[in-house]
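Novice:
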Amino acid sequence: MCENGDVDSISILIRCKNEEKFIGLTLEKIFEQEINTPFEVIVIDSGSTDRTIEIVKNFDVKLYQIAPETFTFGYALNYGIERAKGTIIANISAHCIPRNNQWLSELVRPIVEGNAGATYGRQIPVEGVNPFEEVSLYKHFPEDEKKKGRVPFSNAACAFLKEMWIERRFDEEMPSWEDYLWYLLMKDRYRFKYCPDSIVYHSHAFSMEWIKRRAFIDGQAFKLIKKKYGIDLLDGLYPTFREKVKWGPQKIARFLGVALGIFINDVKHHLRLFKKNGYLRQIFLIPIVRLHVYKAYWKGYRSVR
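Going letter by letter, the sequence shown gives residues 4 to 308 in the working numbering.
(1) I believe Q68 touches D48 by the beta-carbon criterion, under 8 Å. Please report the beta-carbon distance rounded to the nearest angstrom.
(2) Go ahead and label I169 buried or exposed: buried means 16 or more other beta carbons lie within 10 angstroms of its beta carbon, across all protein chains shown.
(3) When we look at the beta-carbon of K279 and count the other beta-carbons within 10 Å, is it buried (16 or more) or exposed?
(4) Looking at V270 and I289, is the spacing between their C-beta atoms short of 8 Å?
(5) Using the DSSP secondary-structure output, state which residues sit across from Y204 in a beta bridge.
(6) Throw me the rounded Cβ distance for the L140 and P155 pair, which I believe falls under 8 Å.
(7) Any idea what DSSP makes of F244, helix, strand or coil?
(8) Since K65 is in the alpha helix (DSSP H), which residue starts that stretch and which ends it?
(9) Any contact between the stretch 40 to 47 and the stretch 58 to 67? By contact I mean 3 or more CB pairs, one from each, below 8 Å.
(10) Restricting to runs no shorter than 4 residues, where is the alpha helix (DSSP H) found entirely within the stretch 5 to 84?
(11) Contact defined as beta carbons within less than 8 Å: I believe A162 pairs with V203. What is the distance between those atoms, to the nearest angstrom?
(12) Output the boundary residues of the beta strand (DSSP E) element that contains F163.
(13) What number of angstroms, rounded off, separates the C-alpha of V132 from the C-alpha of S14?
(14) Since R305 contacts H273 with CB under 8 Å, what's their CB separation in whole angstroms?
(15) Do S12 and T122 have their beta-carbon atoms positioned less than 8 Å apart in this structure?
(16) Tell me which residues share the same chain as F173 and place their Cβ nearer than 7 Å to its Cβ, disregarding the 5 neighbours each side in the sequence.
(17) Grab the span of the alpha helix (DSSP H) containing M211 for me, first residue to last.
(18) Kindly list the residues whose CB is nearer than 8 Å to the CB of M211, restricted to its own chain and excluding five residues on each side of it in sequence; keep chain order.
(19) Among S179, K231, E109, whose alpha-carbon lies nearest the alpha-carbon of K196?
(20) Spatial neighbours of R102 within its chain, please: C-beta separation below 7 Å, excluding the five flanking residues on both sides.
(21) In terms of residues, what are the limits of the alpha helix (DSSP H) holding S108?
(22) Looking at the structure shown, is I286 part of a helix, part of a strand, or coil, going by DSSP?
(23) Look at the alpha carbon of I114 and the alpha carbon of C198, and state the distance between them as a whole number of angstroms.
(24) Going by Cα to Cα distance, which pick from K24, Y183, P252 is closest to L236?
(25) Which word fits I267, buried or exposed, when buried means at least 16 other C-beta atoms lie within 10 angstroms of its C-beta?
Here it is, written out as structure tokens:
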């Protein structure tokens with residue numbers, strides 16, 4: 004059973020902006036779910052200018068619109084959960100399409116049975132859309148149990164007891180990684196479980212601008228997490244960068260050596276995955292893309308004072 008009693012209902016939250024390409028299919032798949040527990044669907048739109056709103060209104064959902072300038076992932080989620088009636092909250096991104104009619108039942112099963120407070124499902128790519136994202140998703144969301152070092156929670160497709168959110172809301176200041184931060188702050192009190200049989204398709208079209216923008220806000224998020232919560236997510240990864248000694252020839256040489264080693268290992272890792280997944284023609288892009296990622300991330304990290 005659910006930790007706080009019977010499951011009265013489930014509230015499914017969808018954040019969206021300009022998702023006319025996917026939102027209709029995502030909603031169709033949601034309303035085809037085979038589950039005995041009643042559920043409501045809440046859509047939080049943050050300023051769509053395409054046909055997203057028009058499409059959403061064709062479905063039996065609760066639609067809320069927030070100003071684009073107020074949007075953060077955490078704010079949109081908190082806004083929707085405040086208006087949710089369900090005992091269990093399920094988050095799914097507008098472009099995450101459930102693979103089958105068991106996505107929701109498999110996602111909430113551990114919570115209903117009292118074996119977890121929060122769950123997150125498997126995300127698989129639409130093959131050929133974005134090779135960089137594809138190899139990352141296959142790594143972090145395997146077919147079986149998760150391994151150490153993999154993504155421990157994701158708001159792209161997850162579920163949790165509403166009582167957990169009442170205890171701690173999502174940080175609305177975070178530009179990204181609000182889900183990982185929430186996991187870090189809650190994991191000692193509640194169990195988080197990976198559900199590989201709860202599957203969604205999740206892909207973003209390859210775009211250097213999107214990659215750089217995402218890396219930039221990820222850098223900002225890492226710095227904010229360190230500043231606000233004292234959690235250094237880089238601790239132990241790059242010790243040479245934070246040695247409390249004055250900069251000089253020796254430290255600069257060590258810094259460059261460590262940075263080059265990290266970059267080379269990262270490129271080798273991507274080369275191995277690209278070869279494994281048959282993306283030989285895109286191999287030349289790896290060092291270019293990864294350099295842009297590191298540069299954008301560092302700019303984001305340094306931008307937070």
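Ideal Cβ placement from N, Cα and C applies to all residues, glycine included.
Specialist: In terms of the structure at hand:
(1) Rounded, the Cβ-Cβ distance is 5 Å, consistent with contact.
(2) Around the C-beta of I169, fewer than 16 other C-beta atoms lie within 10 Å, and the residue is accordingly described as exposed.
(3) Classification of K279: exposed, given that the 10 Å Cβ count is below 16.
(4) In terms of Cβ geometry, I289 and V270 form a close pair [threshold 8 Å].
(5) Residue pairing from DSSP places Y204 in a beta bridge opposite I100, I127.
(6) The beta carbons of L140 and P155 sit about 15 Å from each other, so the pair does not count as a contact at 8 Å.
(7) Here the model assigns F244 a pLDDT of 49, short of 50, so the residue's position is not dependable, and the following value carries that caveat. In this structure, F244 counts as helix in the three-state DSSP scheme.
(8) Careful: K65 lies outside any alpha helix (DSSP H), inside the beta strand (DSSP E) at 65 to 68.
(9) Flag = yes, the stretch 40 to 47 and the stretch 58 to 67 touch.
(10) Given a length threshold of 4 residues, each whole run of the alpha helix (DSSP H) inside the stretch 5 to 84 is given here in chain order: 26 to 34, 55 to 59.
(11) Rounded, the Cβ-Cβ distance is 12 Å, inconsistent with contact.
(12) Per DSSP, the continuous beta strand (DSSP E) segment holding F163 begins and ends at 160 to 164.
(13) Distance between the alpha carbons of V132 and S14 is about 31 Å.
(14) With a contact defined as Cβ atoms closer than 8 Å, R305 and H273 miss out at about 25 Å.
(15) A distance of 8 Å or more separates the beta carbons of T122 and S12.
(16) G77, L80, N81, E181, W185.
(17) Start and end: 211 to 232.
(18) Only V292, H295 meet the Cβ criterion.
(19) Ranking the options by Cα distance to K196, first place goes to E109.
(20) Counting only Cβ-Cβ distances below 7 Å, and skipping sequence neighbours, we find I202, V203, Y204.
(21) Counting along the chain, S108 sits inside the alpha helix (DSSP H) bounded by residues 106 to 115.
(22) I286 falls in the coil class under three-state DSSP.
(23) Approximately 11 Å between the Cα atoms of the pair.
(24) Of all alpha-carbon atoms in K24, Y183, P252, the one lying nearest the alpha-carbon of L236 is that of Y183.
(25) With fewer than 16 Cβ atoms within 10 Å of its Cβ, I267 is classed as exposed.
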